[in-house]
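Residue numbers (mature numbering (1 follows the signal peptide of the UniProt record, and there is no 0)): -16 to -1, 1 to 398.
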């Protein structure tokens, strides 16, 4: 029986290793050719080329989408507010479905909402670079003259509408593209987003922006980015954030900057109260819960036990650090001097109290019994001896309150 269990465990581990280290050998569109890139110039299946005609906008929002459910979530939440209160256009960029029967549903959806941009490219994870290039070309052709910025977001982000409007009108930089900034890293070689050395021999990815939410100034799209894409000196990688926001931005000399107020979803925090854009929700339920809490003004914190554990751990760590600093301080000359002065002061104070006790005992011997005087003497000596302990307790309470204050402030500000 024991041997059977060992064999089952080995088979399980072997299968798990195979599944987690998949190199995605036969992935569609892993590395695109120059000919593939020409597909981005085709006419759209569903177009909205009149969106910016004879109108001026500070910015336009295009949502990179692949599923109806997530599109409807955005339509019923932040997108609805932006359209109703600020009249800013929001379009959903999609490709054509692998299942032809779904095209009827897409046409019906557009007839109802009038907000789809359907490109003549297969909707596929490995066609993201082609899809984003198509979006940039469309925006450059129809909206770049009448809009200063393109905000290009995934369909699983939540946006604090008022903060976004303020940011786009006051804070956004016209000389760079902005989003979630990632420092230069090694190219991924394994897993779903991996690529082999033979297909992509470059090992280092330059600084880039995650594709979840990116702000592109119109003049950068028109004058630098599109030209860099079609004159790429590196293989056309399928991940649009790495290829376009990394390699092509680097090739064109475009600055990449961290967008203020963008955070990863964390179920322990009230993200949308304190930030502008929340990205990477695990499921639709989390998306809806955060929006509901935000609109109703309720606490979205779903894991108080974990938050308490983090607080206690942080407090303990802080105490350990303080203790270590005190230990190091005790080895210095200054500590010896302070200790000598403390002992001398304590000794003088103790002798004074002792003399006072004796004097009181002599004066009140007839009024108080010997037992009562002994008790008073013991209590006074106990209070003196508890001096150091009381000081430690006070210091501990001060440290605890300080840590709690900064921890609360950190969690509230994201």
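For glycine and all other residues, C-beta sits at the position ideal for the given N, C-alpha and C.
Note that this is a predicted model, so its numbers are computed, not measured.
Check                                                                                                                                                                                               : Outcome
Taking the C-alpha atoms as reference points, what is the distance between residue 226 and residue 281?                                                                                             : 37 Å
Apply the 10 Å Cβ neighbour rule to residue 319 and answer buried if 16 or more other Cβ atoms are within range, or exposed otherwise.                                                              : exposed
Between 269, 99, 240 and 48, which has its C-alpha nearest residue 109's C-alpha?                                                                                                                   : 48
Look up residue 239 in the DSSP assignment and say whether it is helix, strand or coil.                                                                                                             : strand
Between the beta-carbon of residue 101 and the beta-carbon of residue 43, is there less than 8 Å?                                                                                                   : no
According to the Cβ coordinates, are residue 168 and residue 181 closer than 8 Å?                                                                                                                   : no
I'd like to confirm something about residue 221: is its beta-carbon nearer than 7 Å to some heavy atom of the ligand MG, or not?                                                                    : No copy of the ligand MG occurs in the structure displayed, which carries no ligand at all.
Using the DSSP secondary-structure output, state which residues sit across from residue 201 in a beta bridge.                                                                                       : 133
Taking 7 Å as the limit between beta carbons, can you name the residues of its chain near residue 62, skipping five residues before and five after?                                                 : 142, 143 and 145
Starting from residue 123, follow its DSSP beta bridges and name the residues at the other end.                                                                                                     : DSSP output for residue 123 lists no bridge partner at all.
Cβ of residue 314 less than 8 Å from any chain D Cβ?                                                                                                                                                : Among the chains in the structure shown there is no chain D, since it carries only a single protein chain.
Could you tell me which uninterrupted beta strand (DSSP E) segments, each at least 3 residues in length, are contained entirely in the stretch 13 to 56, listed from first to last along the chain? : 41 to 48
Leaving out five residues on either side along the sequence, give the residues of the same chain with a beta carbon under 6 Å from the beta carbon of residue 94.                                   : 30 and 100
For residue 378, count the other beta carbons within 10 Å of its own beta carbon; 16 or more makes it buried, fewer makes it exposed. Which is it?                                                  : exposed
Is it buried or exposed for residue 316, if we count other Cβ within 10 angstroms and need 16 for buried?                                                                                           : exposed
Less than 8 Å separating the beta-carbons of residue 80 and residue 106?                                                                                                                            : yes
Kindly identify the DSSP beta-bridge partner or partners of residue 160.                                                                                                                            : 239
Under 8 Å between the Cβ atoms of residue 161 and residue 238?                                                                                                                                      : yes
Buried or exposed: residue 229, going by 16 or more other Cβ atoms within 10 Å of its Cβ?                                                                                                           : buried
Taking the beta strand (DSSP E) that residue 102 falls in, what are its first and last residues?                                                                                                    : 100 to 106
Could you give the uninterrupted runs of the beta strand (DSSP E) lying entirely in the stretch 161 to 233, keeping only those of 3 residues or more?                                               : 197 to 201
In the structure shown, what three-state DSSP assignment does residue 79 receive?                                                                                                                   : strand
How is residue 296 classed by DSSP in three states: helix, strand or coil?                                                                                                                          : helix
Residue 247 lies in the alpha helix (DSSP H); which residues open and close that run?                                                                                                               : Taken as a continuous stretch (DSSP letters only), residue 247 belongs to no alpha helix (DSSP H), being part of the beta strand (DSSP E) at 246 to 248.
How long is the line joining the alpha carbons of residue 153 and residue 76, rounded to whole angstroms?                                                                                           : 23 Å
Please list, in chain order, all residues of the same chain as residue 14 whose beta carbon is under 8 Å from its beta carbon, the five residues on each side excluded.                             : 8, 110, 179, 183 and 222
Can you tell me where the beta strand (DSSP E) holding residue 262 begins and where it ends?                                                                                                        : 261 to 263
If residue 193 and residue 117 are in contact, beta carbons under 8 Å, what's the gap, nearest whole angstrom?                                                                                      : That belief does not hold up - the Cβ atoms of residue 193 and residue 117 are roughly 16 Å apart, past 8 Å.
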